[in-house]
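In my numbering, the protein residues as written are 1 to 463. We put the CB at the ideal spot given by N, CA and C, even for glycine. Here the structure is a predicted model, which means the values were calculated and not measured.
Following this line, the structure appears as structure tokens:
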């Protein structure tokens with residue numbers, strides 16, 4: 001039996017006991033006193049009523065025990081802890097344990113299973129996977145650990161000790177899962193692990209688990225950058241935006257052999273001079289809801305050093321582009337200026353109000369602002385925006401930025417090029433890192449090219 005199921009029984013029994021025992025004890029005490037003090041004068045009717053009262057009290061007590069089953073600490077589907085109870089349970093453990101590790105186990109294809117086989121089968125998969133995890137961990141002599149279902153196909157498990165102690169167990173479990181099926185449904189499982197060395201705050205630890213899982217999925221080589229305590233990281237980002245502490249760099253983008261524009265890159269800087277790259281700080285900015293403030297800062301700092309003879313491209317979050325505060329700020333900065341800008345947009349979720357977006361884009365063009373859509377050939381939204389918005393550039397996803405990928409996907413590249421050119425839109429390829437890729441690009445009729453093979457980063461401002 002899983003620990004959550006054992007805890008559920010204990011929890012319900014204790015709850016019913018706390019509710020019913022005081023009433024039961026008072027009635028027993030009252031009846032006992034009456035019998036001992038007035039035994040000789042008790043009537044048969046009183047005795048019958050007392051027995052009935054005792055029977056009904058016992059019934060009420062049992063009713064409370066069963067009613068306690070309505071108070072859930074385990075998930076109905078997976079039979080593991082609910083998210084609320086798991087978080088409460090783990091917070092208590094983290095206060096007591098010096099070393100503690102959390103493991104994330106995810107069913108990566110649960111959405112596909114729900115779509116293809118139905119939600120009922122998806123629920124069955126959740127329960128079977130939880131049982132399979134328990135059986136596997138039991139074979140590794142691991143028992144009585146908290147495990148909870150926190151969302152979708154994601155489970156969190158807690159272990160006493162460090163991540164290093166359980167790394168091998170997790171890796172072997174994920175490998176062994178390739179053999180695991182529920183009926184005829186193939187199950188794809190992935191995982192990640194962190195511990196209190198990273199943070200003692202439960203929410204930071206869980207966020208780190210999902211970040212680590214994404215890194216493993218997106219890259220074969222884990223990023224070895226220095227880890228920063230998450231609370232310090234948030235303070236770092238807030239302070240940098242507030243103090244405008246940043247480094248602004250540019251990289252040349254060419255059309256043929258001529259400089260066409262410069263793309264801007266930003267690193268945030270701490271008072272001690274420590275630098276933070278976008279990969280680290282953008283998630284924090286999104287989490288804290290500072291996207292508009294960040295974009296305003298970058299735009300403001302660029303305007304201070306921009307050369308009116310050069311076009312500059314900066315990444316702007318689509319939510320900022322749709323934000324009235326940001327739009328007013330940008331138009332005020334650019335009013336009466338000869339500076340030419342390109343706003344680069346990339347969005348996972350499709351924004352259906354394209355008429356409004358086109359209206360915004362049209363208003364920005366009066367201020368010498370062009371629009372580029374990024375990650376074409378990867379995000380479906382990029383194709384939809386190419387089709388529906390009055391944009392000026394499309395930029396291909398990094399996936400295509402090698403000679404091999406370019407040759408393997410030349411039909412895709414040629415197709416997007418054809419669509420773009422028919423709409424009077426320029427195509428753009430970045431991250432050209434070697435001579436072979438450059439040679440391949442030159443034969444693909446791509447308008448703009450960019451990368452270290454052509455130009456290095458150049459610092460233009462530091463605060």
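Among the bridge pairs identified by DSSP, residue 453 is matched with none.
Residue 117 is positioned such that its CB atom lies closer than 8 Å to that of residue 185. Under the three-state reduction of DSSP, residue 199 is assigned to coil, being neither helix nor strand.
Take the alpha-carbon of residue 364 and the one of residue 326: they are about 12 Å apart. Residue environment analysis places residue 395 among the buried positions, since at least 16 neighbouring C-beta atoms fall within 10 angstroms of its C-beta.
If you ignore the 5 residues before and after residue 358, its C-beta comes within less than 7 Å of the C-beta of 389 and 390, all in its own chain and listed in chain order.
Secondary structure of residue 368 (DSSP, three-state): coil. Exposed is the label assigned to residue 349, since fewer than 16 other Cβ atoms lie within 10 Å of its Cβ.
Note on the segment 297–321: whole alpha helix (DSSP H) runs with a minimum of 4 residues are 318–321, in chain order. Taking C-alpha positions only, residue 121 is separated from residue 187 by approximately 12 Å.
The bridge partners DSSP lists for residue 148 are 81 and 156. Residue 275 sits in a strand when the DSSP states are folded into three classes. The count of Cβ pairs closer than 8 Å, one atom from the segment 230–244 and one from the segment 282–296, reaches three, so the stretches are in contact. Listed in chain order, the non-local C-beta contacts of residue 145 below 8 Å within the same chain comprise 3, 137, 157, 158 and 159, local neighbours out to five positions each way being set aside. Counting the other CB atoms within 10 Å of its CB gives residue 375 a total of 16 or more, which places it among the buried residues. Looking at the DSSP output, residue 100 shares a beta bridge with 160. Its Cα nearest to that of residue 131, the residue 147 stands out among 141, 282 and 147.
Secondary-structure assignment with DSSP links residue 264 through a beta bridge to 250.
When 356, 298, 229 and 409 are compared, the shortest CA-CA separation from residue 322 is found for 356.
For residue 127, the uninterrupted alpha helix (DSSP H) segment begins and ends at 119–139. Distance from the CA of residue 283 to the CA of residue 94, rounded to the nearest whole angstrom, comes to 25 Å. Just so you know, the alpha carbons of residue 177 and residue 419 end up roughly 43 Å apart.
The three-state reading of DSSP puts residue 295 in helix, counting H, G and I together. The continuous beta strand (DSSP E) containing residue 427 extends over residues 426–429. Shown here, residue 56 sits in a helix according to DSSP, grouped into three states. When C-alpha distances from residue 345 are compared across 324, 351, 360 and 315, the shortest belongs to 315. For a cut-off of 8 Å, the C-beta gap from residue 89 to residue 196 is around 16 Å, too long to register as a contact. Taking the Cα positions, residue 60 is about 18 Å away from residue 48. Within the DSSP bridge table, the entry for residue 192 names 104 as partners.
Residue 244 carries a coil assignment under DSSP once its states are collapsed to helix, strand and coil. Within 10 angstroms of the beta-carbon of residue 445 lie fewer than 16 other beta-carbons, which makes it exposed. Looking at the DSSP output, residue 93 bridges to nothing. Residue range 458–462 is occupied by the beta strand (DSSP E) that includes residue 462. Within the same chain, 451, 452 and 453 come within 7 Å of residue 433 by CB-CB distance, once the 5 residues on both sides are set aside.
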